[in-house]
Amino acid sequence: MSPALIDQLADRAAGLDVAGGDARLKEIVRRLTRDLMVAIDDLDISMDEFWAGVAYVTAAGQSNELGLIVPGIAVEHYLDLRLDEAERLAGLASGTQRTIEGPLYVAGAPLSKGSARLDDGSDDGEVLFVQGRVTGIDGKPVEGAIVDVWHANTMGNYSHFDPTQPAFNLRRRIETLGDGTYSFRTIMPSGYGCPPGSASRQLMEGLGRHAERPAHVHFFVTAPGYRKLTTQINIEGDQYLHTDFAFGTREGLIPAVRRVSDAAEIHARGLNKPFAVIDFDFSIAPEAQGVIGTEVSRPRAAA
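Sequential numbering of the sequence shown, starting at -12, is according to the numbering used here.
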């Protein structure tokens, strides 16, 4: 097809030949429409293939799976890498690595001071203690930072989306103490996969890829005057650790897991069985003008 004709169609589709409308929206629609038409030509995409794609995206939207597909095709990870590069070019010192948020955050988790227990005691998983500090990139503690944490249970399911779990199970917000410390008790999470028969799993299988995530724990870390950190820690030893279908694993986010079986330590924690400990510190950067923001406006669940 003639490039001039494609340009003409894309211009008209984006409303460039009429007054009014949103200039930024016109710019984006024009580019994406043109790129799609060029791809149809370059790849000789048939009508059957095109409409199969439309049907697939429609079904994925109806089943609310686009939040899984976007990380699954590396786009959410790409947005993180793009933000990393913007900060580097702006001369901002880097703190803890960021990684994907994923689609399963729920706003409004209970807030605790210093420490919290995340689980309700009904899941007999391995007890896990996570502890650390929040500091600025200068190493000084950040008092009053909010560590917003959420993760799956031992079945790989998240509260709110799993009706068998109580509200905010395995979800809390923890305010750091004067020395920047936070801690919480929970259970060791399991990884999860795209649901059987789902649009997201269908895509991964069509690409010859698996559709599994390793065990991980999500975090937002916020404080006045600092850039919001969106990150997660991944549990070492998981079989999918380095092949996460959602591209969420980064080398700086795989802390050591210490297994404790000493009777005295078990007793001191008020337990009757071995447990695990993860130490993880967060380093957050100060706010900066003229750099892409880290507070992302996107659809999220709310209790």
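Each residue gets a CB set at the ideal place from its N, CA and C atoms; glycine is no exception.
The structure presented is a predicted model; accordingly, all values stated were derived computationally and were not measured.
- Item | Sequence-distant residues of the same chain with beta carbon closer than 8 Å to L3, five excluded per side | In the sequence shown, residue 3 corresponds to position 16, counting from 1. These residues qualify, in order along the chain: K13 and R17.
- Message: Rounding to the nearest angstrom, what Cα-Cα distance links V25 and A(-9) in this structure?
- Response: Here the question's residue 25 lines up with position 38 in the sequence shown. Here the question's residue -9 lines up with position 4 in the sequence shown. Here the alpha carbon of V25 sits roughly 11 Å from the alpha carbon of A(-9).
- Task: Taking 7 Å as the cut-off, decide whether the C-beta atoms of G59 and A233 are in contact.
- Result: Locating residue 59 in the sequence shown gives position 72, where the first residue counts as 1. Locating residue 233 in the sequence shown gives position 246, where the first residue counts as 1. In this structure, G59 places its C-beta atom within 7 Å of the C-beta atom of A233.
- Do you know whose CA, among E223, T230 and K215, lies nearest A198's CA? Counting from 1 along the sequence shown, the entry for residue 198 is found at position 211. Answer by Cα proximity: T230.
- Query: Should A94 and F171 be called a contact, given that it needs their Cβ atoms to be closer than 7 Å?
  - Reply: Position 107 of the sequence shown, counted from the start, is the residue given in the question as residue 94. Position 184 of the sequence shown, counted from the start, is the residue given in the question as residue 171. No. Outside cutoff.
- Task: Could I get the ranges of all uninterrupted beta strand (DSSP E) runs contained in the region 197 to 227, with 3 residues as the minimum, in chain order?
- Result: If we require 3 residues or more, the beta strand (DSSP E) runs fully inside the region 197 to 227 come out as 203 to 209 and 216 to 221.
- Message: For a quick check, are the C-beta atoms of R196 and A96 less than 7 Å apart?
- Response: Along the sequence shown, read from residue 1 onward, the residue named residue 196 stands at position 209. Along the sequence shown, read from residue 1 onward, the residue named residue 96 stands at position 109. The answer is no: Cβ separation not under 7 Å.
- Task: For the beta strand (DSSP E) holding D135, just list the boundary residues, first then last.
- Result: Walking along the sequence shown from the start, residue 135 turns up at place 148. Residues I133 to H138.
- Message: Using C-beta distances below 8 Å, list every residue in its chain close to N144, excluding the 5 sequence neighbours before and after it, in chain order.
- Response: Position 157 of the sequence shown, counted from the start, is the residue given in the question as residue 144. So the list reads T151, Q152 and Y179, once near-sequence residues are dropped.
- Local conformation of P273 per DSSP, three classes: The residue you call residue 273 lines up with position 286 of the sequence shown. Assignment of P273 by DSSP, reduced to helix, strand and coil, places it in the strand class.
- Query: Near P182, what residues of its chain come up, given a Cβ to Cβ distance below 7 Å and the 5 sequence neighbours on each side ignored?
  - Reply: In the sequence shown, counting from the first residue as 1, residue 182 sits at position 195. Cβ neighbours of P182 beyond the five flanking positions: R188.
- Query: How about the region 279 to 288 and the region 77 to 96: do they share at least three Cβ pairs that are nearer than 8 Å?
  - Reply: yes
- Message: Quick check on DSSP: helix, strand or coil for I253?
- Response: The residue given as residue 253 occupies position 266 in the sequence shown. Helix.
- Item | First and last residue of the uninterrupted beta strand (DSSP E) at R246 | Numbered from its first residue, the sequence shown carries residue 246 at position 259. R245 to V247 is the span of the beta strand (DSSP E), which, as asked, contains R246.
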